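K.L.:
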Amino acid sequence: MEGGPGPSFADRERRGPGFPVGNYDAPNTPRNHPPLGNVSSSVRLVKLLTRTGPLFTIAAIAATLASHQGLTGLAGALLGLTLQLAALQLGTLLGALAWRLKIRHIIIGVGTELRAWTTPRIRVVLRSLPVVIMVGARSIHPPVRRRLWLTGTTSALVGAATAAATWLLATGPLSYGLAIGATTCLLHELIPRRSAGTTSPGWFLFSLPRLKGRAAAEMDATPLVNDVVEAVRAADLDKADVTLARLVEAHPSLLMTTGAQATVLNIRGRYAEALHLLSALVGRPDMEPRDMALVLAEMAGATACAVEAGQLPLEIGLPAGTRAAEGAIGFGLPRYRLTGTLAQLALLRGDTAEALSLARQSADSSTDGLGRADSLATAARAQMAAGDNAAARTTLAEAESLAAWLPRVATTSARLKIT
Numbered sequence: 001m002e003g004g005p006g007p008s009f010a011d012r013e014r015r016g017p018g019f020p021v022g023n024y025d026a027p028n029t030p031r032n033h034p035p036l037g038n039v040s041s042s043v044r045l046v047k048l049l050t051r052t053g054p055l056f057t058i059a060a061i062a063a064t065l066a067s068h069q070g071l072t073g074l075a076g077a078l079l080g081l082t083l084q085l086a087a088l089q090l091g092t093l094l095g096a097l098a099w100r101l102k103i104r105h106i107i108i109g110v111g112t113e114l115r116a117w118t119t120p121r122i123r124v125v126l127r128s129l130p131v132v133i134m135v136g137a138r139s140i141h142p143p144v145r146r147r148l149w150l151t152g153t154t155s156a157l158v159g160a161a162t163a164a165a166t167w168l169l170a171t172g173p174l175s176y177g178l179a180i181g182a183t184t185c186l187l188h189e190l191i192p193r194r195s196a197g198t199t200s201p202g203w204f205l206f207s208l209p210r211l212k213g214r215a216a217a218e219m220d221a222t223p224l225v226n227d228v229v230e231a232v233r234a235a236d237l238d239k240a241d242v243t244l245a246r247l248v249e250a251h252p253s254l255l256m257t258t259g260a261q262a263t264v265l266n267i268r269g270r271y272a273e274a275l276h277l278l279s280a281l282v283g284r285p286d287m288e289p290r291d292m293a294l295v296l297a298e299m300a301g302a303t304a305c306a307v308e309a310g311q312l313p314l315e316i317g318l319p320a321g322t323r324a325a326e327g328a329i330g331f332g333l334p335r336y337r338l339t340g341t342l343a344q345l346a347l348l349r350g351d352t353a354e355a356l357s358l359a360r361q362s363a364d365s366s367t368d369g370l371g372r373a374d375s376l377a378t379a380a381r382a383q384m385a386a387g388d389n390a391a392a393r394t395t396l397a398e399a400e401s402l403a404a405w406l407p408r409v410a411t412t413s414a415r416l417k418i419t
C-alpha cells in the first residue's frame, strides 16, 4: 500500500504529476529498487537485499546473528530475508482480496522486464530474477483507512506465521539462519516509518489508525481520486474532467486534488499549466518533507515536459527542472525514483547516452503500463537524437502498444514518421 496524496498519470517510478494515496505497496520490494544491471543471479540477489539503507541494516544484523553458523547460516539468513519479503507481499495480496482493495499490479522478480500482461484492470510483470513478488493495491471503497489497516494487518499476520514456521522447522545452520533472517526482517518491517522513499507495513498497522487532519482526509477521498485515475488510464478524458470537477468541489484544498488536476492537465499536454498549479503548493504551511519531495518531483517532471513541448524556454526550464529534481532528492526521495524525469533532463542537456540509459531503467522498473510507455517514448527520442531511427521505431512500437494516445508517445511517433 502506498501512503500519500493523489494519483499518478504515468508511474515512471513515482514520476509524473499526482501523488499516491490510499494505496498499499509494501516497501523494500522490487518497485523500490533500481534495475540491477547485467550481473549474475547471486549478485542480483545480494544487491536486492542490500540496495537501500534499511535492508542493508537488516542484512548486516542478520549476518551478525547468523555468523556463528558459518557461511551456511549466512546464506540461510539471506534466504530468510527474501522469504519474509515474499511472505509480506503474499499477505498483502490475500488482504487486498479479502478486504476488497483494487489490485493494480503484480510484479514477479527484479531486474529487466521479460514479459508483461496488461489489462485495463491489472498489470502483471515477470522480471529476469524471479526471487520476490510485489503487489500494489488501492483502497477504492469506504471506509478507506479501515480497509488499508486490515490489509496491513493481514500482511503482518502472514509474515508472523512465516517467521514462526521457520523457527519450528529449524534443525541446522541453514534453517536457523533462515529463521533469523525472516524474523529480523519482520521486526524491521513492523517499525512504523514513512517517508518519500518508503512506507513500512508497521506504519499502516500502528500509525494509520491514529491519522488525523488533512492526511486522513487525503486518504478518505481516495475513491474519487481513483475514478479520475481510472478514467485517465482508459483514455476517457471527458469522464476524467467530470470526475475531477466533483473532486475539486468536494475537496478543494487537498494536495491530492491538485495532483489530480495536474494529472489531467499533463495527460492533455498542458504541461505549463500543470507546472503553475503545482508551483502554488510549495508555499503551503502544512507541507511535510515527504509532501515537498513528492511535489518537487512532480514539478521537475512537468517542467521537463513543458520544455520538451516548447511551452517553456530551455534556458529557464532546464535549470528549474534540475533544481526541482535535486530538491526532491534532498527532501528524501530516492534518486532512482526520478529516473524518468532525469532521463528527460539529460536529453534536454544533449546527453543522449545518459538519457537512453536512464529511460531504459525507468521503463524496466515501471509497474504501470502508462509509465512504461512514457519512459519508452523518452528512450525512442534519445535514440532518434543519436541518429538510430531504426532502434527508435522498435522502441516506440512497444510504447504504442501500451498507450499510443499518450501525448509524448503520439508526438514522438509523429516526429519519427516525419524523420
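Just so it is clear: in the sequence shown, position 138 is 138 by the UniProt record's numbering, and no numbers are missing.
In this text, a Cβ means the ideal position worked out from N, Cα and C, and glycines have one as well.
What you are looking at is a predicted structure, and each value in this text was computed from that prediction instead of being measured.
Any contact of the region 100–120 with the region 239–246, i.e. 3+ C-beta pairs under 8 Å?
P.N.:
no
K.L.:
Looking at the structure shown, is Trp99 part of a helix, part of a strand, or coil, going by DSSP?
P.N.:
Trp99 falls in the coil class under three-state DSSP.
K.L.:
Could you give the distance in angstroms between the alpha-carbon of Arg104 and the alpha-carbon of Ala343?
P.N.:
Each residue's alpha carbon lies about 25 Å from the other.
K.L.:
In whole angstroms, what is the alpha-carbon distance linking Asn28 and Thr198?
P.N.:
Because the pLDDT at Asn28 is just 41, under 50, the model does not fix this residue reliably, and the point stays unresolved.
K.L.:
Within a Cβ cutoff of 8 Å, which residues of the same chain sit near Thr166, ignoring the five residues on either side of it in sequence?
P.N.:
Gly80, Leu83, Ser175, Leu178, Ala179, Ala182 and Thr183
K.L.:
Tell me whether Pro289 is buried or exposed, calling it buried when 16 or more other Cβ atoms sit within 10 Å of its Cβ.
P.N.:
exposed
K.L.:
For Arg146, count the other beta carbons within 10 Å of its own beta carbon; 16 or more makes it buried, fewer makes it exposed. Which is it?
P.N.:
exposed
K.L.:
Helix, strand or coil, according to DSSP, for Pro130 in the structure here?
P.N.:
Pro130 carries a strand assignment under DSSP once its states are collapsed to helix, strand and coil.
K.L.:
What does the alpha-carbon distance come out to for the pair Arg381 and Leu358?
P.N.:
12 Å
K.L.:
Just how far apart, CA to CA, sit Ala377 and Leu265?
P.N.:
19 Å
K.L.:
Should Gly336 and Cys305 be called a contact, given that it needs their Cβ atoms to be closer than 9 Å?
P.N.:
Before going further, note that residue 336 is Tyr rather than Gly in the sequence given. Not closer than 9 Å, so no.
K.L.:
Under 6 Å Cβ to Cβ from Thr72, same chain only, skipping five residues before and after it: list those, please.
P.N.:
Within the same chain, Thr72 has close Cβ partners Pro173 and Leu174.
K.L.:
Quick check: what's the CA-CA separation for Ala355 versus Met287?
P.N.:
31 Å
K.L.:
Name, in chain order, the residues that DSSP records as bridge partners for Val110.
P.N.:
Leu129.
K.L.:
If you count every other CB in all the chains shown that lies within 10 Å of the CB of Leu168, and 16 or more means buried, which is it?
P.N.:
exposed
K.L.:
Could you compute how far the alpha carbon of Val125 sits from the alpha carbon of Ala324?
P.N.:
Cα-Cα distance, rounded: 31 Å.
K.L.:
Please tell me whether Val110 and Val131 are closer than 9 Å, where the distance is taken between their beta carbons.
P.N.:
yes
K.L.:
Compute the distance between the beta-carbons of Val229 and Ala260, then report whether it is under 9 Å.
P.N.:
yes
K.L.:
So who's on the other strand from His105, going by DSSP bridges?
P.N.:
Arg123 and Gly136
K.L.:
Distance, Cα to Cα, Gly70 vs Gly76?
P.N.:
10 Å
K.L.:
Could you check the C-alpha separation between Leu396 and Ser413 for me, to the nearest Å?
P.N.:
7 Å
K.L.:
For Ser375 and Leu101, what's the separation of their Cα atoms in angstroms?
P.N.:
28 Å
K.L.:
Grouping DSSP H, G and I as helix and E and B as strand, with all else coil, what is Trp405?
P.N.:
coil
K.L.:
Please work out which residues of its chain come closer than 7 Å, Cβ to Cβ, to Leu347, disregarding the five sequence neighbours upstream and downstream, and give them in chain order.
P.N.:
Ala355, Thr378, Arg381, Ala382 and Ala385
K.L.:
From Thr154 to Gly91, what does the alpha carbon distance come to, in whole angstroms?
P.N.:
6 Å
K.L.:
Measuring CB to CB, does Leu281 end up less than 9 Å from Leu255?
P.N.:
Contact: yes.
K.L.:
Identify whether Ser42 lies in helix, strand or coil by the three-state DSSP scheme.
P.N.:
Bear in mind that a pLDDT of 43 at Ser42, under 50, signals an unreliable position, so the model cannot answer this.
K.L.:
Thinking C-beta only, is Gly321 closer than 9 Å to Thr303?
P.N.:
yes
K.L.:
Between which two residues does the alpha helix (DSSP H) holding Ala163 run?
P.N.:
Val144 to Leu168
K.L.:
Do Ala262 and Ala300 have their C-beta atoms closer together than 9 Å?
P.N.:
no
K.L.:
Can you check DSSP and say which residues form a bridge with Trp117?
P.N.:
Val124
K.L.:
Give the DSSP-derived three-state secondary structure of Thr199 in the structure shown.
P.N.:
Three-state DSSP puts Thr199 in a strand.
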